[in-house]
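Protein chains in written order, with the numbering used here: chain L, -10 to 302; chain A, 48 to 548. Virtual Cβ for every residue (Gly too), placed ideally from N, Cα, C.
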Amino acid sequence: MSMERIKPHFPWITLIVLGTLVGIANPSFFNPAGLVSLTADVVPLFIMALGMTFAIYIGGIDLSVQQLANMVTVIATVYLAQFGIAVAVICIAAGFLIGAISGYATTRLYVPSFVSTLAMGFVALSVAKYLSGQRALYMDAELRNASFGWMFDNTAGVPHELIIAAVLLLLAWFLQTRTSFGRSLKAVGAGELAAVASGLNVNRIKILAFAISGGFAGIAGLIFSVKLSGGDANLANGFLLLAIVAVLVGGTPLTGGVGGVLNTAIGTLIVMVIRAAMVYLEVAATQQQMIFGIILIIAIGLTIDRTKLRIVK
Amino acid sequence: MYALRKIDKVFPGVKALSAVDLDIGRGEIIGLVGENGAGKSTLMKVIYGAYQPDSGSIEIDGQTVRFSNPRQAMHHGIGMVFQEQSLITNLTVMENIFLGYEQQFVRYGIIDWKAMAEAAKAQLAKVKLAIDPSAITSSLSFAQRQLVELAKVLTLEERVDGDLVILLDEPTSVLAREEVELLFSIVRDLRNRASFIFVSHRMEEVLEISDRIYVMKDGEVVDVVSRDVADIDAIQHKMVGREIDKEYYREQLQKAYSDQAPLLSLEDVSVSGRFSNVSFDLHAGEVLCLVGTEGSGREAILRTIFGMEHPTSGQLSVRGKPVARFSPQAAVAAGIGYTPRERKVEGIVAGMNVFENMTLSQLGNYSRAGVLNVSGERATARQWIERLAIKTPSEHKDCGGLSGGNQQKVVLAKWRSGGSDILLLDHPTRGLDIGAKEDVYDMIREMSDAGVGIILVADTLEEAIGLAHTIIVLKDGVAQQRFDGFLTQKPSLYDLLHHMI
């Protein structure tokens, strides 16, 4: 069997091998209750990575997601009292809008997505700092529980967070595989020029991909904010690298066109297992990003489609 | 002195070179001619080291050599003057000439620009070019740049001890007559030091300068003629390599086109810098060929009709309705299909399967509220796979893995299944083998019968003459001549060439 044939199966093989290794070293890893809570912990990261998948699937990247989530934690906390559960709509819309602006800059103004999203990320960060007055804000516990308390309940032992994640995954998967939008995304990612020559509105598709990425980052920020019961311009720091790692180790290469949201689910679980391993090996929290940075470069090196890249700068 | 022995080169699905033998004597100038796709550029790439042959050997003075890149070939005295100019336009002339070989001017880690300028002057003198070596390359004319290219290659004279072999790929295509004369006299002067391989479409020039001419066709050298006995007609005949019979282009199937209102009409359409004041009508069942050299505006006209470029003036109407919005989306919606020349890049999406490619231009027909009807897509794909005899194991096969001819069929099926009745075909047979070409010709006739209007930019003039009802000859973006009435009488190659150049 050739390397090319095995490549698509790398992510889940990696997940099983890593999971087994960690489980052998530390049998308590397989404790179901522990696994469920570990998985529930990565839900905000997963949702962010899920959105990012759309940006990477078309061959772009979204570096704004972490700052968007930061901004949304502040928005959620500040406006919860005023709007109640409807604050969710504002959060998602804010993420969607900022993502759409990045997409507009990329498609219409020809600003590469890594720059446009980086720049819009700083805009979001600044909004967060302005709204929060650079302080850590806290939600009123009663209001929080009244509007979003349901998020952290259980049904038959399954945390609602996991159900939210599953519903969003299903939605993203449906979008990717069963809609004409999803098909267009694939065409743009795998062969943008052919997509143009087939009469697809490539600009609109790309703008929408970045907007969806922003919208998912908004949801991630909201859940994170409710979970920690507060908002702060730095709350989601550290998520960006992990989200990119989750997408790439899941098997959606930076060149786009292959992989997708199911891959990102696997990628996020791989990140979770690596984190669990690092906790077990007592790797200091300050060193974790170092390891993920190196994993990211290895993952890109393994997955990128070099035939699509003639020059890398 | 330099020889190729039984060189083979295979690309996936194509035998680009087969058993090519070639000899170059000291100081000899040989010509290399052939149609597009005959294997000339592959052969050139093997010679200057960009490709490695799959089998066969390269010999210099009887010694077998092997180059893994152009730089190694240069060390053996083999240099290439590129057709698409390889100079970097924002560098100075001298930087370009010594690009990659600056070390000789480095003193204590710093480039001695004066020494480089002196050396560059000496090189430029070889090609009789009196320009400032520190001029920025973009300020030069095309002819000057072509000579700088040659000067750059001639630095091999100092660097290499043995004989030189210099490849000239279409060096005259951007030159005026007197510049061509100058280039030829320079080439002749250099014969005491170098041998040349001259590739050109202009047969008279090849005859004028070459001692011997290699004629290529379908990856093989079909003939070698020396200048004294060379005859343009005979060579051209060998290049085409077959009696161009009426069957090949399915001329017996050609029928008169509809005289109803035109599907598409252009009135004085111009795109600045590309073409100007082009007018024609396209009728149902008509095959209209745009003929001209590279850059004559043929492709730009197709891309304008498809909405990829915006006319600066004039009016384009589809079925009598003036087009107001120029975009590929609008064009597709108006029933226009486009088969681009770059099949693998613009025609199909590699990484998507056959049915996904076929419905890409018409997702709206296979979805409701944005949700795809995949079984409908697959059914359509299976139907067209059958109808066009597309060789694929199933509709789930990745299009990137199909052969060129089958990829082209998928692209045509995409437009036909979507009901497009105006088709723009840009080099639809480029790179296809004979059998696949004939399939495309069959499809063109079949589409004409079905009332599709086709605008074709053909791969060769014969193909244009064979397939067309109407030919418009373009030169520098201006329509020179229109040929009609093909059912009774067809123009000859020379009729067309005469207006092209």
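Can a CB atom of chain L be found closer than 9 Å to the CB of residue i?
i	result
G209 (chain A)	no
S257 (chain A)	no
I502 (chain A)	no
S422 (chain A)	no
I437 (chain A)	no
F58 (chain A)	no
K522 (chain A)	no
K461 (chain A)	yes
I395 (chain A)	yes
A380 (chain A)	yes
G478 (chain A)	no
V325 (chain A)	no
F353 (chain A)	yes
V370 (chain A)	no
P375 (chain A)	yes
V549 (chain A)	The structure shown does not extend to residue 549 (chain A), since chain A spans only 48 to 548, so no value can be given for it.
P387 (chain A)	yes
Residues in its own chain within less than 8 Å of residue i by CB, not counting five upstream and five downstream?
i	result
A232 (chain L)	L34, M37, A38, M41, V54, Q55
A177 (chain A)	L171
Q139 (chain A)	One point to set straight first is that residue 139 (chain A) is Thr, not Gln, in the sequence displayed. These residues qualify, in order along the chain: P180, S181, A182, I183, T184.
Whose C-beta lies closer than 7 Å to the C-beta of residue i among residues of the same chain, with five residues either side of it excluded?
i	result
A97 (chain A)	P117
G282 (chain L)	L230
Q170 (chain A)	I144, A198, L201, T202
M(-10) (chain L)	A caution first: M(-10) (chain L) carries a pLDDT of 48, below 50, which makes its placement in the model unreliable, though a value can still be read off. So no residue of the chain qualifies.
F562 (chain A)	Limits of chain A in this structure are 48 at one end and 548 at the other, which puts residue 562 (chain A) out of reach.
Does any CB atom of chain A fall closer than 9 Å to the CB of residue i?
i	result
T168 (chain L)	yes
L157 (chain L)	no
I98 (chain L)	Here residue 98 (chain L) is Leu; the residue named in the question, Ile, does not match the sequence. Not one chain A Cβ lies under 9 Å of L98 (chain L).
S105 (chain L)	no
V247 (chain L)	yes
V303 (chain L)	Summary: the structure shown does not reach residue 303 (chain L), with chain L confined to residues -10 through 302, and so no result is reported for it.
I2 (chain L)	no
N190 (chain L)	yes
R172 (chain L)	yes
K175 (chain L)	yes
G180 (chain L)	yes
For residue i and residue j, what's the separation of their Cα atoms in angstroms?
i	j	result
F533 (chain A)	R345 (chain A)	20 Å
S88 (chain A)	S181 (chain A)	32 Å
A380 (chain A)	L160 (chain L)	30 Å
A85 (chain A)	V57 (chain A)	13 Å
T106 (chain L)	D486 (chain A)	48 Å
D278 (chain A)	G266 (chain A)	22 Å
Q277 (chain L)	L217 (chain L)	21 Å
A186 (chain L)	T95 (chain L)	20 Å
V272 (chain L)	A65 (chain L)	33 Å
K175 (chain L)	G227 (chain L)	29 Å
G207 (chain L)	G88 (chain L)	10 Å
M355 (chain A)	Y119 (chain L)	44 Å
Y433 (chain A)	A63 (chain A)	It should be noted that the sequence gives Glu, not Tyr, for residue 433 (chain A). Rounded to whole angstroms, E433 (chain A) to A63 (chain A) spans 29 Å at the Cα level.
H516 (chain A)	V156 (chain L)	59 Å
S173 (chain L)	E403 (chain A)	10 Å
L214 (chain A)	R415 (chain A)	58 Å
Check the C-beta distance from residue i over to residue j and give it rounded, since I have them as a contact under 8 Å.
i	j	result
E424 (chain A)	T476 (chain A)	The Cβ separation is near 28 Å, so there is no contact.
P242 (chain L)	I293 (chain L)	5 Å
I491 (chain A)	V334 (chain A)	6 Å
To which residues of the same chain is residue i closer than 6 Å at the C-beta, ignoring the five residues directly before and after it?
i	result
R238 (chain A)	G74
L254 (chain A)	A277
Q165 (chain L)	G171, G249, V250
D468 (chain A)	G382, V499
I437 (chain A)	N453, K456
G49 (chain L)	S102
G126 (chain A)	V200, L203, I213
For a contact meaning CB atoms closer than 8 Å, what does residue i contact in chain B?
i	result
V365 (chain A)	The structure shown has no chain B; the protein chains it does contain are L and A.
Alpha helix (DSSP H) segments (min. 4 residues) lying fully within the region 0 to 50 of chain L: 21 to 30, 32 to 46
Quick one: which unbroken alpha helix (DSSP H) runs of 4-plus residues sit fully inside the region 425 to 513 of chain A? Chain order, please. 451 to 464, 481 to 496
Where are the beta strand (DSSP E) runs, 3 residues long or more, that stay fully inside the region 237 to 280 of chain L, in chain order? none
Complete runs of the alpha helix (DSSP H) confined to the region 198 to 227 of chain A [at least 4 residues]: 203 to 206
Starting from the N-terminal side, write out each stretch of the beta strand (DSSP E) that is 3 residues or longer and does not extend beyond the region 232 to 299 of chain A. 241 to 246, 259 to 264, 267 to 273
Along the chain, which unbroken stretches of the alpha helix (DSSP H) at least 4 residues long are found entirely within the region 380 to 417 of chain A? 401 to 405
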